[in-house]
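Mapping of the sequence shown onto my numbering: position 25 corresponds to residue 25, and the numbering continues sequentially without gaps.
Have a look at the structure below before the remarks.
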Amino acid sequence: VKVLVEEKRCGSGRSKRHRIANTQEMESCLQAQVVAPPDLQSEQDYKLLTNGSLRSSWLQRRSKEGTHVDVRIVENEVNIKLIQRKRRSCLLCVSLILHELQLEILHANGANIGEHNFFMFNTKIFEGSCEYA
């Protein structure tokens, strides 16, 4: 999330689909994988994504321990999906990052399924904040 917001702040993240520059900190613990958007339902959806009227970013990362993070930014909304094995909770770390980035939590959801914890956060970027680029 920090990498995406930092790129949006600098203005280099204005492209529709772009690769995220890996920082040494993220590179050491996570393996980056930039993924294309899901199947588009029609030509109009594709045109909406490519003509500049819709700003969006999508990033997926997976750690060596099996933690999976999926971040999607569309206009001023950020959707974060976090899946991890039941070892230790990272909710405190996530809440601190969301607070640091000044993201307003619209909806939060969590579940335990088998050996995994699932967390989903829908947040909003305020227009006046420095992260809104």
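Even for Gly, the Cβ is constructed at its ideal location relative to N, Cα and C.
From residue i to residue j, what does the alpha carbon distance come to, in whole angstroms?
i      : j      : result
His99  : Val1   : 12 Å
Ser56  : Glu65  : 28 Å
Phe119 : Ile83  : 6 Å
Val94  : Ile105 : 11 Å
Val74  : Gln60  : 15 Å
Val69  : Ile80  : 7 Å
Glu107 : Asn117 : What sits at residue 107 in the sequence shown is His, not Glu. Going from the Cα of His107 to the Cα of Asn117 covers about 17 Å.
Ile113 : Thr67  : 14 Å
Gly111 : Trp58  : A quick correction: the sequence has Ala, not Gly, at residue 111. So the alpha carbons of these two residues sit roughly 23 Å apart.
Ser63  : Val71  : 14 Å
Less than 8 Å between the CB atoms is what I'm expecting for residue i and residue j, so what's the real figure, rounded?
i     : j      : result
Glu77 : Asn109 : Not a contact, Cβ separation roughly 15 Å.
Less than 8 Å between the beta carbons of residue i and residue j, yes or no?
i      : j      : result
Ile125 : Leu96  : no
Leu101 : Val3   : no
Lys165 : Glu115 : There is simply no residue 165 to check, as the chain begins at 1 and stops at 133 in what is shown.
**Report entry** Complete alpha helix (DSSP H) runs within the segment 86–123 (minimum length 4 residues, chain order)
**Finding:** 91–100
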